[in-house]
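Asker:
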Amino acid sequence: MLKRTRWSLAAATGLALGLGLVTPAAAAPGPVAAPTAAAARTTAAATSAALPPALARLLPADWDQRRAAAAARLGVEPSPAQEALERVIDPADHACAPTALDAFVEDLVAGVPTEDLLVLALFGGLDVATYDALLHGTASDPRYALDPDYRKELSTSFRSAQRFWDVQSSDIQLLAMHGAAAQDAARVERFYREVYGVPAADARELAALVVDAVRRLPGGADNPLLTLNAYAFTAEGDDDPLVAGVPDKIVFGDGILAFLEHLRIADVGARAILAHEFAHHVQFEQDLFDSPLTGPEATRRTELMADAFATYFATHKRGLTLNAKRLLQVERSFFEVGDCSFESDGHHGTPAQRLRASQWGADVARSAQKQGHVLPSLVLAGRFEAALPGFVRPDAG
1 MLKRTRWSLA AATGLALGLG LVTPAAAAPG PVAAPTAAAA RTTAAATSAA
51 LPPALARLLP ADWDQRRAAA AARLGVEPSP AQEALERVID PADHACAPTA
101 LDAFVEDLVA GVPTEDLLVL ALFGGLDVAT YDALLHGTAS DPRYALDPDY
151 RKELSTSFRS AQRFWDVQSS DIQLLAMHGA AAQDAARVER FYREVYGVPA
201 ADARELAALV VDAVRRLPGG ADNPLLTLNA YAFTAEGDDD PLVAGVPDKI
251 VFGDGILAFL EHLRIADVGA RAILAHEFAH HVQFEQDLFD SPLTGPEATR
301 RTELMADAFA TYFATHKRGL TLNAKRLLQV ERSFFEVGDC SFESDGHHGT
351 PAQRLRASQW GADVARSAQK QGHVLPSLVL AGRFEAALPG FVRPDAG
């Protein structure tokens, strides 16, 4: 379950940013049939028809369907960076008001030719690092080592979460995704073959386009646009051969860390994201994704629960012991970045809804401060379900 937390960007874009969540366990094994028109919508599908003929001819005729099917197969949510880049390419085609994320992305691609932006947005160039780390990254491989500036902080917080929560978590690996994956022709070619089923010769041609586009970005492979997310992943219970043997993971993109610094919330932001992503693993282990809700309501419930669990752990006396006031300020900054697709199945909740869930988590942690008692995760989940109607009440008024 790749959970692109829009916290990562999820939080950032309201995104937990809901950073990411990848959930192959929930997807059908093996080849995936083309989704329905509604289910198959991807940001690429909305604009690929506008590709110049010289670029369009390089893609399979069913390219949009392939991208949608791959995302459904692995549970990969649309990247906030992808959506922001598409708004940069065509501002008139989107209803959302400009956000801090939009401004950040616009600066990252200043002066880049439109053709290169189209390659990154519509050819899957922004997906390379995500899928590469998902399918091939391990904590022992130096190519996926955490940013040195955050390694100790994240590793310590990760171990604290493992001790705090009452679920099996020793098999979770904490690693990074770096833009170098999108500059490595062999890894990009493998991405096209594995994820989209593109023949080897065509995969090499597409890889060359992506590598060239990345090379021309300001900063090249180090440009934060390529890794502007974080996510939790599990393949538990999934018999899809593509993810066979892939361990549970929490993956941090260098780009999301750069965005936290841009927002001036890096002092707490990285640990807040780690807490959110680990909360998704608690949900995985306790089957807390199961719900009678469907569509946007189901996703909002899942994300609001992760927000609540994350803040509970992060502010608890036996958790990260972060200052609740500062953490909630940081979370507010995340949530207000600007996710306005409220009817999307992937929407993570309005800023007000997410802040209410987070405040609730902090309140529950504070109520146990004297004895330092940690609630069993299923007990906490039960209390959350009872409080959920109050979190999702209308924001107006």
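The opening residue of the sequence shown carries number 1 in the UniProt record's numbering; numbering runs sequentially from there.
Glycine included, C-beta positions come from ideal geometry on N, C-alpha and C.
Given the structure is predicted, the values throughout are model-derived calculations rather than measurements.
#1: Taking the alpha carbon of Asp132 as the point to measure from, which residue in Ile89, Ala365, Asp149, Lys249 has its own alpha carbon closest?
#2: In chain order, what residues of the same chain lie with their CB nearer than 6 Å to the CB of Glu189, ignoring the 5 residues before and after it?
#3: Does Ala25 come out as helix, strand or coil in the three-state DSSP assignment?
#4: Three-state secondary structure (DSSP) at Leu175?
#5: Of the choices Val282, Leu175, Leu55, Ser155, whose alpha-carbon is the least far from that of Arg143?
#6: So what does DSSP say about residue 398, is it helix, strand or coil?
#7: Can you tell which of Leu226, Ser291, Met177 has the C-alpha that lies nearest to the C-alpha of Val109?
#8: For Val289 and Leu134, which I take to be in contact (beta-carbon distance under 8 Å), what is that distance rounded to the nearest angstrom?
#9: So, helix, strand or coil for Ala368, using DSSP?
#10: Note down, in chain order, each residue of its chain lying with its Cβ closer than 7 Å to the Cβ of Phe309, except the 5 sequence neighbours on either side.
#11: Rounded to the nearest angstrom, what separates Arg326 and Glu115 at their Cα positions?
#12: May I ask you to verify whether the region 259-274 touches the region 140-155, counting CB pairs closer than 8 Å and requiring at least 3?
#13: Return the Cβ separation of Leu209 and Val119 in integer angstroms, given the expectation that the two are a contact with Cβ distance under 8 Å.
#14: For Ile250, does the three-state DSSP call read helix, strand or coil?
#15: How about Val211 and Gly220: do their beta carbons lie closer than 8 Å?
#16: Roughly how many angstroms separate the alpha carbons of Asp239 and Glu297, rounded to a whole number?
#17: Beta carbon of Asn229, beta carbon of Ala84: below 8 Å?
#18: Between Arg187, Ser333, Gly197, which lies nearest to Leu101 when the distance is taken from Cα to Cα?
#19: Once you ignore the five residues that flank Ala244 on each side, which residues in its own chain have a CB closer than 7 Å to its CB?
#20: In the DSSP assignment, find the unbroken beta strand (DSSP E) run with Ala232 in it and report its ends.
#21: Where does the unbroken alpha helix (DSSP H) through Glu205 begin, and where does it stop?
Answerer: Let me spell this out:
#1: Lys249
#2: Ala203, Arg204, Ala207
#3: Its pLDDT being 39, under 50, Ala25 is placed unreliably by the model, and nothing is read from it.
#4: strand
#5: Leu175
#6: The structure shown does not extend to residue 398, since the chain is modelled only from 1 to 397, so the question has no answer here.
#7: Leu226
#8: It should be pointed out that residue 289 corresponds to Phe in this sequence rather than to Val. Actually they are not in contact, since the Cβ atoms of Phe289 and Leu134 sit about 18 Å apart, beyond 8 Å.
#9: Assigned with DSSP and collapsed to three states, Ala368 falls in coil, not helix or strand.
#10: Excluding positions up to five away in sequence, the list reads Ala279, Val282, Gly361, Leu380.
#11: 42 Å
#12: Verdict: yes, contact present.
#13: 5 Å
#14: strand
#15: no
#16: 28 Å
#17: no
#18: In terms of Cα proximity to Leu101, the closest of Arg187, Ser333, Gly197 is Ser333.
#19: none
#20: Here the beta strand (DSSP E) through Ala232 covers 230-233.
#21: 200-215
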